[in-house]
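Participant:
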Amino acid sequence: MTARRCIGALATLAGAAALAALSTAQAADPDPTPSIAIIIDDLGYRAALDARILELPPEIAVAVLPNAPNTRRVAETAARQSRDVLVHLPMQALGSGGLADYAPVALRADVTRDELERVVAHALAAVPEARGVNNHMGSLLTRQHEPMRWLMQTLACHRDLYFIDSYTTAESVAHRMAQEAHVPTARRDVFLDDSHDAVEIRAQFKRLVRLAHERGAALAIGHPQLETLAVLESELALLEQYGVTLVPATALLEGVSARERPATVLAGTRTTP
Ligand SMILES: [Zn+2]
42 MTARRCIGAL
52 ATLAGAAALA
62 ALSTAQAADP
72 DPTPSIAIII
82 DDLGYRAALD
92 ARILELPPEI
102 AVAVLPNAPN
112 TRRVAETAAR
122 QSRDVLVHLP
132 MQALGSGGLA
142 DYAPVALRAD
152 VTRDELERVV
162 AHALAAVPEA
172 RGVNNHMGSL
182 LTRQHEPMRW
192 LMQTLACHRD
202 LYFIDSYTTA
212 ESVAHRMAQE
222 AHVPTARRDV
232 FLDDSHDAVE
242 IRAQFKRLVR
252 LAHERGAALA
262 IGHPQLETLA
272 VLESELALLE
282 QYGVTLVPAT
292 ALLEGVSARE
302 RPATVLAGTR
312 TTP
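Set out below in structure tokens:
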């Protein structure tokens, strides 16, 4: 990172240095109950489904596409609910197609640093409520070191922003680049709904619970679809029985101490099933 690029970055780095012996959020949490966190991606296009997502417990974060017809309505409503809002930043996937739908707020694999900074600024301006960013698609771009390093250095200029790696490819370096840039970060563990089959979605939810018991915490990403909503609405009522607590995704961020976590996170560590 250079002073030319980011005047405010020194403060971020100073803060990060103070956290040099970073423990994970889980280790800093005195509550030993395993935690699950859930982000619902792709909001902004389907108003009826988006409205139902926003009726889920407020610990569930929403990742809003920056250029969608309902971006503003979703982000404003979620922020009023003290729900975490992420910019769901479109990035180029392997294979063709998809990205043109999101232009000009999308990162192509051949993006230059200047273009990347412009796109990120545009996305953040479209969703000023966002405190975090995660990737939409990106199975090609997130495996490329240089643009991921630029992205994280750009996010590091915004003191309060975090990055969650949607981990659309096992070769993603986004999580590691975020760590190196001292951007608070986490990586998705489970996709709830690669399938539209409610039985398979429920099995993925159980996998999330199992991982939380094994590791202390686990992070899932789901999408606005009827089957996912139905599973969430029934499974979230059983968390006490499963012995896990629903927490905001920000509670699972590495690189941020409990003291620095936002009040909404500290206040929202439990949910009533
Ligand atoms: Zn997406």
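The sequence shown begins at 42 in this note's numbering and counts up one residue at a time. Built from N, CA and C at the ideal position, the CB exists for glycine as well.
Tell me whether residue 238 counts as near ligand 1, meaning its Cβ is closer than 7 Å to at least one heavy atom of that ligand.
Facilitator: For the purposes of this step, residue 238 is taken as the residue at position 197 of the sequence shown. It does not: the Cβ of residue 238 is nowhere closer than 7 Å to a heavy atom of ligand 1.
Participant: What are the partner residues of residue 132, as DSSP defines its beta bridges?
Facilitator: Numbered from its first residue, the sequence shown carries residue 132 at position 91. DSSP, once it has assigned bridges, lists 148 and 178 as partnering residue 132.
Participant: Can you check which of these residues, 223, 275 and 286, is closest to residue 250 by C-alpha distance?
Facilitator: As a first step, residue 250 is located in the sequence shown; it is residue number 209 there, counting from the start. Proximity to residue 250 across 223, 275 and 286 peaks at 286, based on C-alpha coordinates.
Participant: When burial is assigned at 16 or more other CB atoms within 10 Å of the CB, is residue 216 buried or exposed?
Facilitator: As a working note, residue 216 is residue 175 in the sequence shown. It is buried - the Cβ of residue 216 has at least 16 other Cβ atoms within 10 Å.
Participant: Can you pull the DSSP bridge partners for residue 208?
Facilitator: One-based indexing of the sequence shown puts residue 208 at position 167. Beta-bridge pairing links residue 208 to no other residue.
Participant: Between residue 208 and the rest of its own chain, which residues show a CB-CB distance below 6 Å, the 5 nearest in sequence each way excluded?
Facilitator: For the purposes of this step, residue 208 is taken as residue 167 along the sequence shown, with counting starting at 1. 228 and 229, listed in sequence order.
Participant: Express the C-alpha separation of residue 274 and residue 181 in angstroms, rounding to a whole number.
Facilitator: Translated into the one-based positions of the sequence shown, residue 181 becomes position 140. Translated into the one-based positions of the sequence shown, residue 274 becomes position 233. One C-alpha to the other measures close to 34 Å.
Participant: With three or more beta-carbon pairs closer than 8 Å as the criterion, would you say the stretch 174-193 touches the stretch 130-143?
Facilitator: yes
Participant: Relative to the C-alpha of residue 179, which candidate in 248, 199, 214 and 164 has its C-alpha closest?
Facilitator: Looking up residue 179 in the sequence shown gives position 138. Considering only alpha carbons, the answer is 214.
Participant: Whose beta carbon lies closer than 6 Å to any heavy atom of ligand 1, going through the chain in order?
Facilitator: Counting every residue whose Cβ lies closer than 6 Å to a heavy atom of ligand 1, we get 82, 83, 129 and 177.
Participant: For residue 32, collect the residues of the same chain with a Cβ closer than 6 Å to its Cβ; drop the 5 residues on either side in sequence, then sort them by chain order.
Facilitator: The shown model of the chain, from 42 to 314, leaves out residue 32, and the question about it has no answer.
Participant: Comparing alpha-carbon positions, which option in 144, 223 and 142 lies nearest residue 199?
Facilitator: Here residue 199 refers to the residue found at position 158 when the sequence shown is read from its first residue. That would be 223, whose Cα lies nearest to the Cα of residue 199.
Participant: Would you report the Cα separation of residue 144 and residue 284, rounded to the nearest angstrom?
Facilitator: Residue 144 sits at position 103 when you count from the first residue of the sequence shown. Residue 284 sits at position 243 when you count from the first residue of the sequence shown. Each residue's alpha carbon lies about 43 Å from the other.
Participant: In whole angstroms, what is the alpha-carbon distance linking residue 83 and residue 127?
Facilitator: Within the sequence shown, numbered from 1, the residue matching residue 83 stands at position 42. Within the sequence shown, numbered from 1, the residue matching residue 127 stands at position 86. Whole-angstrom Cα-Cα distance: 10 Å.
Participant: Can you find the residues in the same chain that come closer than 6 Å, C-beta to C-beta, to residue 62, ignoring five residues on each side of it along the sequence?
Facilitator: The residue given as residue 62 occupies position 21 in the sequence shown. Bear in mind that a pLDDT of 36 at residue 62, under 50, signals an unreliable position, so the model cannot answer this.
Participant: So if DSSP puts residue 203 in a beta bridge, which residue, or which two residues, is it bridged to?
Facilitator: Locating residue 203 in the sequence shown gives position 162, where the first residue counts as 1. Paired residues: 173.
Participant: Using CA atoms only, rank isn't needed, just tell me which of 188, 140 and 163 is closest to residue 154.
Facilitator: As a first step, residue 154 is located in the sequence shown; it is residue number 113 there, counting from the start. Of the listed residues, the one whose Cα sits closest to residue 154 is 188.
Participant: Going by beta-carbon coordinates alone, are residue 220 and residue 296 separated by less than 8 Å?
Facilitator: Here residue 220 refers to the residue found at position 179 when the sequence shown is read from its first residue. Here residue 296 refers to the residue found at position 255 when the sequence shown is read from its first residue. It is a contact, given that the beta carbons lie within the stated cut-off.
Participant: Please classify residue 85 as buried or exposed, where buried requires at least 16 other C-beta atoms within 10 Å of its C-beta.
Facilitator: In the sequence shown, the residue the question calls residue 85 occupies position 44. Buried.
Participant: Would you check if the distance between the CB atom of residue 112 and the CB atom of residue 105 is smaller than 8 Å?
Facilitator: Numbered from its first residue, the sequence shown carries residue 112 at position 71. Numbered from its first residue, the sequence shown carries residue 105 at position 64. Their beta carbons are under 8 Å apart, which means residue 112 touches residue 105 by this criterion.
Participant: Who are the Cβ neighbours of residue 65 in its own chain at under 7 Å, not counting the five residues just before and after it?
Facilitator: As a working mapping, residue 65 is identified with position 24 in the sequence shown. At residue 65, the pLDDT of 44 sits below 50, so the modelled position is not reliable; the number obtained from the coordinates is stated separately. Counting only Cβ-Cβ distances below 7 Å, and skipping sequence neighbours, we find 295.
Participant: Measuring CA to CA, which of 196, 149 and 121 is closest to residue 162?
Facilitator: On the sequence shown, position 121 is the one that residue 162 refers to. That would be 196, whose Cα lies nearest to the Cα of residue 162.
Participant: Just how far apart, CA to CA, sit residue 165 and residue 252?
Facilitator: Sequence index remark: in the sequence shown, residue 165 carries index 124 (1-based). Sequence index remark: in the sequence shown, residue 252 carries index 211 (1-based). Taking the straight line joining both Cα atoms gives about 32 Å.
Participant: Kindly indicate which three-state DSSP category residue 76 falls into: helix, strand or coil?
Facilitator: Along the sequence shown, read from residue 1 onward, the residue named residue 76 stands at position 35. Residue 76 falls in the strand class under three-state DSSP.
Participant: Using the rule of at least 16 other Cβ atoms within 10 Å of the residue's Cβ for burial, across every protein chain shown, is residue 170 buried or exposed?
Facilitator: On the sequence shown, residue 170 is found 129 positions in, with the first residue counted as 1. By the neighbour-count rule (16 or more Cβ atoms within 10 Å), residue 170 is buried.
Participant: Determine the contact status of residue 201 and residue 226, defining contact as a CB-CB distance below 8 Å.
Facilitator: Here the question's residue 201 lines up with position 160 in the sequence shown. Here the question's residue 226 lines up with position 185 in the sequence shown. No, the pair does not count as a contact, with Cβ atoms beyond the cut-off.
Participant: I think residue 210 touches residue 233, with their Cβ atoms under 8 Å apart; what is that distance to the nearest whole Å?
Facilitator: Here residue 210 refers to the residue found at position 169 of the sequence shown. Here residue 233 refers to the residue found at position 192 of the sequence shown. Not really, about 18 Å apart at Cβ, beyond 8 Å.
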